[in-house]
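K.L.:
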Amino acid sequence: DGGITQSPKYLFRKEGQNVTLSCEQNLNHDAMYWYRQDPGQGLRLIYYSQIVNDFQKGDIAEGYSVSREKKESFPLTVTSAQKNPTAFYLCASSDPGTSGYNEQFFGPGTRLTVL
Amino acid sequence: KNQVEQSPQSLIILEGKNCTLQCNYTVSPFSNLRWYKQDTGRGPVSLTIMTFSENTKSNGRYTATLDADTKQSSLHITASQLSDSASYICVVRETGNQFYFGTGTSLTVIP
């Protein structure tokens, strides 16, 4: 099956701890994204990567870090510097292509709860 | 400022009825517009995608329209089912590969 996987589905963390969310895709997409979703709000971009070994900050990057060592993997670390990390995190990928139908495919999400 | 606004914020309809969700955007330069369905606790799943030259696109009981002149889109759901209960998100992509998300319409279909 082709697609995007995220793990774990649920994650609990104590305050002051760093935690890493996994995102893997086998769609051979160049671009990958991390979003945060809070109740009543639209998706907000944390980080994105257009190519391996390169990534850019999104609108709410503070307190987060990423790496893109492999095309298929884009892990997100939520650090202790993130003041309000409890949220639903979504990973997505897209292939720029040339057709104009540059759709984003989303993973199933990880719900992070800070205790 | 590039923005995507959706209305209504929430909607409750009876099973079997039709409904229409609205999306207005100011994103420019425009590349395409997608409608996603997101079930609670799950990732969004694409319903339709339209480029500048497309006015209507259907996917089963879902029909999306796009008026690029007025920068408006609608998603019409025909003969609603209980499984249509979800959040529907409008996403507009600009030509620079930046995506802009609406806050979604929460649809509840009741028997």
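In order, the protein sequences belong to chains L and U. Counted from 1, the first sequence has number 83 at position 89 by the numbering used here; the numbering is strictly sequential. Whatever position you read off the second sequence (first residue = 1), add 2 for the numbering used here. We put the CB at the ideal spot given by N, CA and C, even for glycine. These numbers come from a predicted model, not from an experiment.
Kindly indicate if chain C contains any beta-carbon less than 8 Å away from that of F100/L.
P.N.:
The chain inventory of the structure shown lacks chain C, comprising the protein chains L and U.
K.L.:
Answer with yes or no whether the minimum CB distance from S48/U to chain L is below 8 Å.
P.N.:
yes
K.L.:
Going along the chain, which residues of its own chain have a beta-carbon closer than 8 Å to the beta-carbon of A75/L, five neighbours each way excluded?
P.N.:
E56, G57
K.L.:
Mind checking L16/U: buried by the 16 CB within 10 Å criterion, or exposed?
P.N.:
exposed
K.L.:
Can you have a look at A66/U and say buried or exposed, based on whether 16 or more other CB atoms are within 10 angstroms of its CB?
P.N.:
buried
K.L.:
Answer with buried or exposed for I14/U, where buried requires no fewer than 16 other C-beta atoms within 10 angstroms of its C-beta.
P.N.:
exposed
K.L.:
For F54/U, does the count of other Cβ atoms within 10 angstroms reach 16, so buried, or fall short, so exposed?
P.N.:
exposed
K.L.:
Does any residue of chain U have a CB that is nearer than 8 Å to the CB of R105/L?
P.N.:
Judged by the 8 Å Cβ criterion, R105/L is in contact with chain U.
K.L.:
When the distance is taken between beta carbons, is Y64/U closer than 8 Å to L77/U?
P.N.:
yes
K.L.:
What does Q50/L reach in chain U if we use C-beta pairs closer than 7 Å?
P.N.:
None at all; the shortest Cβ gap to chain U is about 11 Å.
K.L.:
Mind listing the chain U neighbours of Q35/L? Cutoff is C-beta to C-beta under 8 Å, in chain order.
P.N.:
T105
K.L.:
Would you call the stretch 18 to 27 of chain L and the stretch 57 to 73 of chain L touching, i.e. three or more CB-CB distances under 8 Å?
P.N.:
Under the 8 Å Cβ criterion, the stretch 18 to 27 of chain L counts as touching the stretch 57 to 73 of chain L, having at least three qualifying pairs.
K.L.:
Can you have a look at T102/U and say buried or exposed, based on whether 16 or more other CB atoms are within 10 angstroms of its CB?
P.N.:
For the sequence presented, residue 102/U should be read as Tyr rather than Thr. When all chains shown are included, Y102/U counts as buried.
K.L.:
What does a CB cutoff of less than 7 Å around S75/U pick up in its chain, not counting 5 residues either side in sequence?
P.N.:
Contacts found: C25, L35, A66, T67, L68, C92.
K.L.:
At what residues does the beta strand (DSSP E) containing I54/L begin and finish?
P.N.:
Careful: I54/L lies outside any beta strand (DSSP E) and carries neither H nor E.
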